[in-house]
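Chains as they are written, first to last, in the numbering used here: chain C, 15 to 309; chain V, 17 to 356. What follows is a set of notes on a single structure, which appears directly below.
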Amino acid sequence: MTLLLGIVIFGVYSAALLAIGAVGFTLQFGVTNVLNLAFGSILTACIFAEYGLTGHSTNLWIAMAVGAASGAVLSLLIGHVVVGAFLRRGATGFGIAMVTIAISLMVQFGLEAIQGPDILSYSAGSQATMNIGGVVLSSGQLTTIIVAVLAMAAVQVLLRMTKFGLAMRATAADVSLARTCAVSPARTRAVTWLISGALCGICGVLLGIGEGSFSASTGSDFFITLAAAAVLGGIGKPAGAMIGALIIGIVSQAAAAVIAPSYKTIAAWVILIAVLVLRPQGILAEFAADRELVA
Amino acid sequence: MTSGLVYYLSGLAILLGINLIAIWGLDLQFGLAGINNFAYIVFQAAGGYAAALFALKPAKAYGGFETYLGGFNLPFPLPLIGAAAVGGLLAVPVGLIAIRRLRADYQAMAMLVLSLIATGLAEAQTGLVNGPTGLALIPRPLVGIVHVTPLGYNWIFLGLTAGCCALAWWVARGISRSPFGRLLRAVRDSESAVAALGRNPDALRMKVLIAGGALAGLSGGLLVEYVTAWGPSSWLYPETFLFFTALIVGGKGNLAGGALGALLVPIGIVEASRHLPAFGYPGMIDSLDWVVIGACLLVFLWFRPNGLLPERKRVFRAGRQQAGGTQVSGAFAQRLTGSR
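Dropping the structure here:
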């Protein structure tokens with residue numbers, strides 16, 4: 015019983031962490047149609063930035079603000095400036111995948127060169143804990159769940175109730191029609207890269223502090239799990255990404271508890287392959303195969 | 017030259033040969049047929065493990081120092097043949113999973129995830145190939161049969177590598193020049209036209225995935241028999257992009273481009289940086305290598321996406337043999353086979 019409850023509660027915590035990143039990833043994919051394989055490296059860079067800038071302070075809110083800011087700047091730089099330049103040159107799907115991988119390698123191994131042989135870790139301060147039927151949840155984990163719920167609500171409000179959200183949805187659905195309705199796709203995409211980067215940074219900082227330690231490859235591994243949530247939910251659909259995150263979170267916790275801890279990520283990755291192969295459009299979305307790919 | 021330098025250079029030549037085989041294998045899949053195989057390193061890894069398991073004695077012979085499946089203690093050259101066979105066979109499940117009508121970037125991502133899953137499984141299943149520690153003490157070919165100095169052995173191994181290179185060159189050139197090779201270029205450039213002419217593009221891709229996989233397996237087998245150790249940290253997913261960078265720098269779709277890329281990227285960047293005066297902590301230069309590789313990839317994708325030695329534009333003249341009435345089909349074929 016405690017095992018089952020543990021799987022559900024830690025599954026929800028994993029899902030919360032995944033959802034923050036997955037919504038950012040999928041929002042950016044939906045609006046720009048760029049599969050950003052450098053997302054994981056941006057995530058790692060945000061942990062490094064937060065760790066370096068704030069001297070790994072234990073104040074979660076300051077940490078998140080720094081993470082969000084660095085993520086937004088990096089994302090705009092990589093996505094809008096570099097990838098955008100390649101898109102204007104006429105790069106297509108595979109070329110863009112290659113460009114984002116190249117950037118990802120540069121960022122990841124650049125950070126590894128900075129990191130050096132030391133393991134970077136956050137000091138485990140004494141945290142308040144909460145006991146739910148024998149399952150102990152720390153206040154940091156609880157904060158993560160609250161932040162995730164707030165972020166999800168904010169994204170939904172942005173998309174459904176604001177003029178800019180309408181512009182984002184219009185750009186995602188039909189670029190030329192959006193342009194005729196006085197929406198600037200370039201500006202919409204730039205802001206989308208910013209929002210996606212900010213969510214990426216928040217996710218990264220919460221991941222780094224939650225895990226307690228991190229390395230230059232933390233983000234790349236986590237990114238694939240996060241992509242599994244986004245693809246499962248229908249890539250380009252924020253609401254789908256939340257459902258996907260919940261499924262991936264609980265399944266991976268179950269795999270960790272039932273098979274072995276090392277299967278936590280493998281289970282999520284197998285789901286990703288299965289969805290890509292069997293139903294690449296995911297649960298909630300239409301297939302975006304014929305959409306234009308422009309800067 | 018001092019004997020130390022000669023020994024080093026012979027070792028370097030062996031590494032160059034091994035990389036050549038791997039890069040030509042990837043060129044068949046990516047350069048010729050346009051398959052975005054981001055899991056390529058797994059084929060090399062599988063060949064390496066196969067060679068190791070075929071060559072090693074059963075695990076008990078080493079006093080339980082490592083655990084693995086098999087240990088067949090087969091004599092040279094059976095482990096290498098086995099490595100190529102396993103590399104080719106691995107292409108079947110990978111192809112069944114990843115060769116689909118997916119967006120190119122989705123397919124690339126699916127391949128990338130396959131590569132990560134393979135690493136995860138090799139680390140999690142410690143009984144399979146000794147988990148994260150990897151295999152060690154892998155016997156080198158012909159040791160115990162020939163009795164030579166280490167340098168003499170390097171020359172023998174270099175001869176073996178050169179022989180395998182020649183074989184790989186013969187296979188890759190044969191495929192590239194054959195009607196099958198023309199079909200593969202057509203699949204790359206215009207899949208729907210190939211399908212319209214009654215050929216199955218997926219079956220063609222599967223065949224070339226197997227051929228390239230066998231070359232990758234062979235290169236992995238050679239590498240493992242040369243360095244005598246093999247573990248998951250030797251084939252992490254970025255290694256795939258070492259080969260992709262080599263092809264994009266050298267020029268994809270032709271053997272000379274692949275060879276130039278093998279000389280410039282794995283040897284030129286990775287090996288040459290070992291001779292820099294040491295700075296930073298140990299390992300910093302290795303990390304910076306990858307930054308340089310990523311930068312190279314970006315620079316070439318921007319300025320010279322077809323590489324230093326671009327693929328020659330092929331114009332297929334159907335009219336040469338049957339004069340008249342072939343103008344249209346000639347133009348059609350040109351659209352099919354001309355490089356973009």
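Even for Gly, the Cβ is constructed at its ideal location relative to N, Cα and C.
Using 9 Å as the limit for Cβ to Cβ distance, is Ala127 of chain C near chain V?
yes
Give me, in chain order, the residues of the same chain whose beta-carbon lies closer than 6 Å to that of Cys217 of chain C; leave out the 5 immediate sequence neighbours on both sides.
Ile34 and Gly35
Indicate, with yes or no, if the ligand ADP has a heavy atom lying under 8 Å from the CB of Leu88 of chain C.
Inclusion of the ligand ADP in the displayed structure is not the case, the ligand content being empty and no account of it being possible.
Would you decide whether Tyr78 of chain V is buried or exposed? Buried here means 16 or more other CB atoms lie within 10 Å of its CB.
exposed
What does a CB cutoff of less than 7 Å around Val45 of chain C pick up in its chain, not counting 5 residues either side in sequence?
Met182, Thr185, Ala186, Thr202, Arg203 and Thr206
Buried versus exposed, by CB contacts within 10 Å (16 or more), Asp121 of chain V
buried
Consult DSSP for Leu90 of chain V and reduce its assignment to one of helix, strand or coil.
coil
Around the Cβ of Tyr277 of chain C, are there at least 16 other Cβ atoms within 10 angstroms (buried) or fewer (exposed)?
buried
What residues match up with Trp186 of chain V in a beta bridge as DSSP calls it?
Per DSSP, none; premise fails for Trp186 of chain V.
Ignore the nearest five residues each way along the sequence and tell me which others in Ala259 of chain C's own chain have a CB closer than 6 Å to its CB.
Ala29, Leu32, Ala33, Ala36 and Ala243
Bridge-paired residues (DSSP) for Ser135 of chain C:
C:Ser227
Pairing CB atoms from the stretch 47–56 of chain C with CB atoms from the stretch 164–179 of chain C, are three or more of them under 8 Å?
no
Starting from Ile398 of chain V, trace the alpha helix (DSSP H) both ways and give me its first and last residue.
For residue 398 of chain V there is no data in the structure shown, the boundaries of chain V being 17 and 356.
Check whether Ile226 of chain V and Val308 of chain V have beta carbons under 9 Å apart
no
Candidates C:Phe237, C:Gly147, C:Glu225 and C:Val96: closest to Gly18 of chain C by CA position:
At residue 18 of chain C the sequence reads Leu, which differs from the Gly that was named. Answer by Cα proximity: C:Gly147.
When you compare the stretch 151–158 of chain V with the stretch 78–95 of chain V, are there three or more beta-carbon pairs, one atom per stretch, that lie closer than 8 Å?
yes
Taking just the CA atoms, how far does Lys268 of chain V sit from Arg356 of chain V?
Any reading at Arg356 of chain V is ruled out, since the residue's pLDDT is 39, under 50, leaving its predicted position unreliable.
Helix, strand or coil, according to DSSP, for Thr232 of chain C in the structure here?
helix
Minimum C-alpha distance to Ser194 of chain V - residue among V:Pro91, V:Trp306 and V:Leu48:
V:Leu48
Per DSSP, Met144 of chain C forms a beta bridge with which residues?
C:Leu151
Would you say Leu137 of chain V reaches chain C, if we count a Cβ-Cβ gap shorter than 9 Å as a contact?
yes
Option nearest Arg330 of chain V by Cα separation, candidates V:Leu276, V:Leu258 and V:Asn270
V:Asn270
Which residues DSSP lists as bridging Val145 of chain V, in chain order
V:Tyr84
Met222 of chain V touches chain C at which residues, Cβ-Cβ below 7 Å?
In chain order: nothing, as chain C lies at least about 15 Å away.
In the DSSP assignment, find the alpha helix (DSSP H) that holds Arg102 of chain C and state where it starts and stops.
Gly98 to Arg102
Using DSSP with H/G/I as helix, E/B as strand and the rest coil, what is Leu151 of chain V?
strand
Against Val307 of chain V, what residues of chain C qualify as contacts under a CB-to-CB distance less than 8 Å, listed in chain order?
Leu119, Met120, Phe123, Gly124 and Ala127
Cα separation between Ala224 of chain V and Gly247 of chain C?
The question names Ala, but residue 224 of chain V is Val in the sequence shown. So the two alpha carbons sit approximately 33 Å from each other.
Would you decide whether Tyr297 of chain V is buried or exposed? Buried here means 16 or more other CB atoms lie within 10 Å of its CB.
exposed
Using the three-state DSSP reduction, which class does Val197 of chain C fall into: helix, strand or coil?
coil
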